[in-house]
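Undergrad:
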Amino acid sequence: MTVIGIETSCDETAVAICKDGRILSNEVSSQPIHSKYGGVVPEIASREHEKFLNLIAESAIAKAKISLSEIDAIAVTQGPGLAGTLLTGISFAKGLSIGLGIPLVPINHLEAHIFANFLADPKLEFPFVCLLVSGGHTQLWDIKKMGLYNLLGETRDDAAGEAFDKGARILGLGYPGGPEIEKKSQGGDENLIKFPRSTIDTESLEFSFSGLKTSLLYFMDNFKETKNITLADIAASYQKAIVDILIIKIKRAIKKTRAKTCVIAGGVAANKTLRFDLQKELSDIKILFPDISFCTDNAAMISFLGEIKLNSGFSSNINFGAEPNLQMVKP
Ligand code: KG4
Ligand code: ZN
Numbered sequence: 124m125t126v127i128g129i130e131t132s133c134d135e136t137a138v139a140i141c142k143d144g145r146i147l148s149n150e151v152s153s154q155p156i157h158s159k160y161g162g163v164v165p166e167i168a169s170r171e172h173e174k175f176l177n178l179i180a181e182s183a184i185a186k187a188k189i190s191l192s193e194i195d196a197i198a199v200t201q202g203p204g205l206a207g208t209l210l211t212g213i214s215f216a217k218g219l220s221i222g223l224g225i226p227l228v229p230i231n232h233l234e235a236h237i238f239a240n241f242l243a244d245p246k247l248e249f250p251f252v253c254l255l256v257s258g259g260h261t262q263l264w265d266i267k268k269m270g271l272y273n274l275l276g277e278t279r280d281d282a283a284g285e286a287f288d289k290g291a292r293i294l295g296l297g298y299p300g301g302p303e304i305e306k307k308s309q310g311g312d313e314n315l316i317k318f319p320r321s322t323i324d325t326e327s328l329e330f331s332f333s334g335l336k337t338s339l340l341y342f343m344d345n346f347k348e349t350k351n352i353t354l355a356d357i358a359a360s361y362q363k364a365i366v367d368i369l370i371i372k373i374k375r376a377i378k379k380t381r382a383k384t385c386v387i388a389g390g391v392a393a394n395k396t397l398r399f400d401l402q403k404e405l406s407d408i409k410i411l412f413p414d415i416s417f418c419t420d421n422a423a424m425i426s427f428l429g430e431i432k433l434n435s436g437f438s439s440n441i442n443f444g445a446e447p448n449l450q451m452v453k454p
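Using this note's numbering, the letters of the sequence shown map in sequence onto residues 124 to 454.
1) Just to check my reading of the structure: I415 and Q402 have Cβ atoms closer than 8 angstroms, yes? What is that Cβ distance to the nearest angstrom?
2) Check whether the Cβ atoms of L275 and L328 lie closer than 8 angstroms to each other.
3) Of all residues in the structure, which have a C-beta closer than 5 angstroms to any heavy atom of ligand 2, taken in chain order?
4) Within the present structure, is the beta-carbon of C133 separated from the nearest heavy atom of ligand 1 by less than 7 angstroms?
5) Any idea which residues DSSP pairs R145 with across the strands?
6) So which of N394, A139, S439 and Q201 has the shortest CA-CA distance to I460?
7) Could you spell out where the beta strand (DSSP E) holding G270 opens and where it closes?
8) Taking V386 as the reference, give the member of G290, F318 and I408 with the closest Cα.
9) Measure the CB-CB distance between L242 and P203 and report whether it falls below 8 angstroms.
10) Going by Cα to Cα distance, which pick from I189, S152 and K186 is closest to E173?
11) Does DSSP put K409 in a helix, a strand or coil?
12) Nearest to C141 by alpha carbon, out of V126, D134 and T131?
13) Measure how close the beta-carbons of A355 and K307 come, nearest whole angstrom, since I'm counting them as under 8 angstroms.
14) Could you name each continuous alpha helix (DSSP H) segment of 4 residues or more that falls completely within the stretch 370 to 399, going from the start of the chain to the end?
15) Could you say which of E313, Q309 and A283 lies nearest to P299 if we only look at CA atoms?
16) Please state if the CB of D420 and the CB of A183 are separated by a distance shorter than 8 angstroms.
17) Taking 8 angstroms as the cut-off, decide whether the C-beta atoms of L397 and I357 are in contact.
18) Are the CB atoms of T208 and S132 within a distance shorter than 8 angstroms?
19) Cβ of V163 within 7 angstroms of any heavy atom in ligand 1?
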């Protein structure tokens with residue numbers, strides 16, 4: 124089956140083609156315009172999607188070397204995300220569905236991030252623990268099987284990606300903050316500044332990053348760069364604190380569930396320190412990350428999960444709307 128996936132939940136305009144579980148093309152157009160505002164401006168993001176979505180779709184179809192008539196179905200992100208940006212993708216997908224007379228399936232963006240790990244390892248087996256770390260979410264999941272998910276813990280305040288983004292702003296770096304902090308950290312000493320690692324208590328699987336961010340803010344109030352403490356040292360120490368918090372919680376989740384496999388999903392999964400430290404600290408279980416290009420927002424994961432859903436008999440009419448607060452499990 125050939126599925127076209129469409130993703131517009133935030134500021135990446137993305138279209139991909141998946142055929143029989145293989146990604147034939149994966150087009151992502153970022154919106155650099157937001158970097159001058161230090162974060163995504165929803166109205167601008169919607170307008171940018173509107174302007175470029177058809178071009179990105181044409182390019183994805185051309186790169187996949189298929190024709191429109193070969194597409195069997197469409198998968199589109201329904202949520203969570205920004206209401207206006209989701210609407211641009213959903214409207215485009217509905218038009219395509221009516222025009223081509225083919226089915227359309229709504230996809231949960233978070234579930235798609237998690238299932239991107241099956242692209243990394245098609246033999247991945249349930250159950251597994253998943254750390255979902257994106258710009259809006261930091262959650263630990265016990266993924267028992269398709270459709271059966273148990274939330275083990277989530278953040279009480281900022282998401283891990285948000286901690287990177289806000290930290291980068293405090294350090295005077297660009298947006299998105301994760302890759303900026305990662306770049307700045309190179310050559311820095313990650314053990315130089317002891318930023319706090321909030322673990323809440325000895326058992327909790329919840330996260331909190333707001334104290335860490337505040338501590339960076341206070342640190343920068345009195346900071347003057349010298350050769351003893353550079354911006355690279357601060358970025359590396361701050362990054363290390365976020366990574367340490369994530370690893371402490373993953374260890375607890377694995378202990379609690381006795382999972383043999385842990386997968387990481389979402390934009391922060393692209394972070395190399397997180398990847399390296401996790402492999403080092405959890406050498407006795409299987410750790411899986413999607414390919415870097417499938418960690419941050421993309422439509423490959425949408426088309427891939429769309430095909431899985433369609434193959435398992437899932438169908439939908441097109442009378443669905445954008446769900447900015449869509450959850451993995453119905454509350
Ligand atoms: O999954 P994603 O692309 O979008 C959402 O669904 O939110 O995640 C975006 C987040 C941003 O906060 C960004 O700073 C972070 O992922 N991110 C990273 C890296 N690349 C993206 N954080 C740390 N290291 C990275 N290399
Ligand atoms: Zn995402």
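Glycine included, each C-beta is placed from N, C-alpha and C at the ideal position. Quantities reported herein were computed from a predicted structural model and do not represent experimental measurements.
TA: Let's see:
1) Contact doesn't hold; Cβ gap of about 15 angstroms is too wide.
2) yes
3) S257 and D420
4) yes
5) K142
6) Examination of residue 460 is not possible in this model, given that the chain is present from 124 through 454 alone.
7) Taken as a continuous stretch (DSSP letters only), G270 belongs to no beta strand (DSSP E), as it is neither H nor E.
8) I408
9) no
10) S152
11) strand
12) V126
13) 6 angstroms
14) none
15) A283
16) no
17) no
18) yes
19) no
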